[in-house]
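Each remark here refers to the structure printed beneath this line.
2 protein chains.
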Amino acid sequence: MPKPVNTSVSRREEPPAASTGPVDKALAVLDALVQPDAPHRLADLAARTGLPKPTVHRLLHTFAEAGYAVPGPGGNYQAGPRLLGLAATALAASSELRLARPVLDDLRLRTGHLAHFSVRDGAVAVHVTQSEPSSTYRMPLTAGGEVPLYCSAVGWAMLSALPSPAAAELLGGEPLPARTSRTVRDPGAVLAALPTVRERGYAVDDEYAEQDVRAIAAPVLGPGDRVAGAVGIVGLTFTLDEESVAVLGPMVRAAAGTVSAALRGGTGPLGIVRGQE
Amino acid sequence: MPKPVNTSVSRREEPPAASTGPVDKALAVLDALVQPDAPHRLADLAARTGLPKPTVHRLLHTFAEAGYAVPGPGGNYQAGPRLLGLAATALAASSELRLARPVLDDLRLRTGHLAHFSVRDGAVAVHVTQSEPSSTYRMPLTAGGEVPLYCSAVGWAMLSALPSPAAAELLGGEPLPARTSRTVRDPGAVLAALPTVRERGYAVDDEYAEQDVRAIAAPVLGPGDRVAGAVGIVGLTFTLDEESVAVLGPMVRAAAGTVSAALRGGTGPLGIVRGQE
DNA sequence: ATCATCGTTCCGGCTCCCGGAACGGACGAA
DNA sequence: TTCGTCCGTTCCGGGAGCCGGAACGATGAT
Chain H
1 MPKPVNTSVS RREEPPAAST GPVDKALAVL DALVQPDAPH RLADLAARTG LPKPTVHRLL
61 HTFAEAGYAV PGPGGNYQAG PRLLGLAATA LAASSELRLA RPVLDDLRLR TGHLAHFSVR
121 DGAVAVHVTQ SEPSSTYRMP LTAGGEVPLY CSAVGWAMLS ALPSPAAAEL LGGEPLPART
181 SRTVRDPGAV LAALPTVRER GYAVDDEYAE QDVRAIAAPV LGPGDRVAGA VGIVGLTFTL
241 DEESVAVLGP MVRAAAGTVS AALRGGTGPL GIVRGQE
Chain D
1 MPKPVNTSVS RREEPPAAST GPVDKALAVL DALVQPDAPH RLADLAARTG LPKPTVHRLL
61 HTFAEAGYAV PGPGGNYQAG PRLLGLAATA LAASSELRLA RPVLDDLRLR TGHLAHFSVR
121 DGAVAVHVTQ SEPSSTYRMP LTAGGEVPLY CSAVGWAMLS ALPSPAAAEL LGGEPLPART
181 SRTVRDPGAV LAALPTVRER GYAVDDEYAE QDVRAIAAPV LGPGDRVAGA VGIVGLTFTL
241 DEESVAVLGP MVRAAAGTVS AALRGGTGPL GIVRGQE
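In order, the protein sequences belong to chains H and D. Per the numbering used here, the first sequence starts with residue 1, numbered consecutively. Per the numbering used here, the second sequence starts with residue 1, numbered consecutively.
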């Protein structure tokens, strides 16, 4: 008796975003491959990317031949040495990142909170590096993670340093999804808050994205006042309480200013003499 | 049992890249895009990858649409936010890397030399992360950089932890190119030195790769004695002198042992092949 | 003003990418 | 042990879309 193929209506919305070109598919697989829950099985990668199984398999084979993925026993894959090398090179080559790191360490030491540096990708912020206190028993922030601009301190900070029309366009006209009961859902309200952020020099996220989590951030500006990213600290509300915001805010603002100044001043695109290769 | 004995040896590619598929070309462009001398002009990327100009342009356009590259004024490109996020995610997801970092910091503090962690990609070692002393006036090692196994301390360390046949295959039969006057060019001589490395627990590179540079390294072993990488220190010969090798060597060996133990013990992503004998 | 160089666009040819279907092995349940 | 299920892998014919030489406009140096 032929079993009916399980074609039940998926309860989960299909996120697949059918990429048109092979390069987009390759990027999708790479993105899935570096996710923290390694090693990855072929079926999982196919499900996550929404690509057909043979397609993912072929891409993984290509990656493996180039050293960007390494196949394990039982047909599971993980990030390969060349991918790790690429990642290390990319992070080392980013001048803002290289300059931000020591500032983040200093900021973490002086505030006791997790300090991080994020950059903007469209309407979301990507956390690129961070300095964690040893006492973090639960990490409210993951490296490489993303958070919408409208509900994060780093997001508001970067929005505040953008021209108003650009900020308005990024926020859109529709009501924004609520993450907590305190999320500011009205784009107009977010826009109205930006002048205050500009005046103070730092933005505060009061449980906008997650319950019991507060954050403070300030924008980092590169040459020509271009927004390069944002520096911020994150903590639970009962350690990063309302009173401390008044003293921590200026510290965050100063840290961001330090990075901005370093970006403008010292090391231009080619300030250093590199060895060969 | 078909064991994956895939030990691809050659991975060196020259400007006339023989990339057959579009995915390989995309990887080549990505690799060129993260190189330290940003921003990159289209013609440079085309020259570096050996690909035709329109092809590179099309790939960059695809990358830009996905946020993996960002076009600057005047038609130059640099790594985009998604690429930085991917890099951060990849490095954060690697358990060996996460475990190695604090050990490297400690090793650097106690030895005063640059400490680094490298993994193997075919017949070369890739430097994945490092902890630099502040006094480094010239960096003899770059993040994401590569060095052949046969002429580096980390290379010898990883070779020593491999089965002899595998090590022999990686070294090949031909005489190896000389990097300095002290480079060991005979594959047989390298193989003959490995038992000593195994016995002492660390390898020493006496100006094999570069003049006036000495290095010490020890292998890091994961579950099942699989080679996960190597921990090493690098310094100039007149600060990292011959007498200090005897005291620094065991420290490097101990550091590598710490990482190995942590890899085996604590935070295995999920113990899959625990029963495999 | 003139030219070399670069980034960008165009377009016809035909490569080789695509993914449904099938196969064999691994694992768990009965 | 046997059966059923699921997974990784391979195959293959059709046609989607990749390819790159050639051309065009912008830019900066001479």
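From the three backbone atoms N, C-alpha and C, an ideal C-beta is built for every residue, glycine too. Quantities reported herein were computed from a predicted structural model and do not represent experimental measurements.
Alpha-carbon spacing of residue i relative to residue j, whole angstroms
i: residue 221 (chain H); j: residue 242 (chain D); result: 48 angstroms
i: residue 135 (chain D); j: residue 138 (chain H); result: 35 angstroms
i: residue 63 (chain H); j: residue 52 (chain H); result: 17 angstroms
i: residue 121 (chain D); j: residue 172 (chain H); result: 46 angstroms
i: residue 115 (chain H); j: residue 107 (chain H); result: 7 angstroms
i: residue 252 (chain H); j: residue 261 (chain H); result: 14 angstroms
i: residue 112 (chain D); j: residue 188 (chain H); result: 54 angstroms
i: residue 164 (chain H); j: residue 55 (chain D); result: 37 angstroms
i: residue 229 (chain H); j: residue 263 (chain H); result: 11 angstroms
i: residue 168 (chain D); j: residue 110 (chain H); result: 52 angstroms
i: residue 66 (chain H); j: residue 82 (chain H); result: 8 angstroms
i: residue 178 (chain D); j: residue 210 (chain D); result: 10 angstroms
i: residue 166 (chain D); j: residue 227 (chain D); result: 12 angstroms
i: residue 60 (chain H); j: residue 192 (chain D); result: 37 angstroms
i: residue 286 (chain H); j: residue 133 (chain H); result: Because residue 286 (chain H) is not part of the residues shown, which for chain H are 1 to 277, the question remains open.
i: residue 249 (chain D); j: residue 78 (chain D); result: 41 angstroms
i: residue 212 (chain H); j: residue 233 (chain H); result: 14 angstroms
i: residue 265 (chain D); j: residue 118 (chain D); result: 21 angstroms
i: residue 200 (chain H); j: residue 225 (chain H); result: 17 angstroms
i: residue 84 (chain H); j: residue 140 (chain D); result: 20 angstroms
i: residue 99 (chain D); j: residue 235 (chain H); result: 24 angstroms
Local conformation of residue i per DSSP, three classes
i: residue 360 (chain H); result: Any question about residue 360 (chain H) goes unanswered here, given that chain H covers just 1 to 277.
i: residue 213 (chain D); result: strand
i: residue 138 (chain D); result: coil
i: residue 208 (chain H); result: coil
i: residue 95 (chain H); result: helix
i: residue 197 (chain D); result: helix
i: residue 263 (chain H); result: helix
i: residue 157 (chain H); result: helix
i: residue 241 (chain D); result: coil
i: residue 188 (chain H); result: helix
i: residue 71 (chain D); result: strand
i: residue 65 (chain D); result: helix
i: residue 143 (chain H); result: coil
i: residue 114 (chain H); result: strand
i: residue 21 (chain D); result: coil
Distance between beta carbons of residue j and residue i, contact taken as under 8 angstroms
i: residue 214 (chain D); j: residue 240 (chain D); result: 5 angstroms
i: residue 175 (chain D); j: residue 185 (chain D); result: 5 angstroms
i: residue 103 (chain H); j: residue 259 (chain H); result: 5 angstroms
i: residue 219 (chain D); j: residue 131 (chain D); result: No, residue 219 (chain D) and residue 131 (chain D) are not in contact; Cβ-Cβ is about 19 angstroms, not under 8 angstroms.
i: residue 29 (chain H); j: residue 26 (chain D); result: Wrong, their Cβ atoms sit about 11 angstroms apart, outside the cutoff.
Any chain H beta carbon closer than 7 angstroms to residue i
i: residue 70 (chain D); result: no
i: residue 121 (chain D); result: yes
i: residue 16 (chain D); result: Only weak support is given to the placement of residue 16 (chain D): the predicted model assigns it a pLDDT of 38, under 50, and the question is left unresolved by the model.
i: residue 64 (chain D); result: no
i: residue 259 (chain D); result: no
i: residue 262 (chain D); result: no
i: residue 148 (chain D); result: no
i: residue 278 (chain D); result: The first residue shown for chain D is 1 and the last is 277, placing residue 278 (chain D) beyond what the model contains.
i: residue 230 (chain D); result: no
i: residue 54 (chain D); result: no
i: residue 84 (chain D); result: yes
Beta carbon proximity, residue i to chain D, threshold 7 angstroms
i: residue 128 (chain H); result: yes
i: residue 34 (chain H); result: yes
i: residue 45 (chain H); result: no
i: residue 81 (chain H); result: yes
i: residue 166 (chain H); result: no
i: residue 104 (chain H); result: no
i: residue 144 (chain H); result: yes
i: residue 184 (chain H); result: no
i: residue 173 (chain H); result: no
i: residue 154 (chain H); result: no
i: residue 163 (chain H); result: no
i: residue 26 (chain H); result: yes
i: residue 67 (chain H); result: yes
i: residue 252 (chain H); result: no
Any non-hydrogen atom of the ligand SAH closer than 6 angstroms to residue i Cβ
i: residue 234 (chain D); result: The model on display carries no ligand, and the ligand SAH is accordingly not part of it.
Checklist entry - Contact between the region 117-131 of chain H and the region 141-157 of chain H: three or more CB pairs below 8 angstroms? => result yes
Next on the checklist: Does the contact criterion of 3 or more C-beta pairs under 8 angstroms hold for the region 193-210 of chain D versus the region 148-163 of chain D?
Outcome noted: yes
Checklist entry - Between the region 86-96 of chain D and the region 34-45 of chain H, are three or more C-beta pairs nearer than 8 angstroms? => result yes
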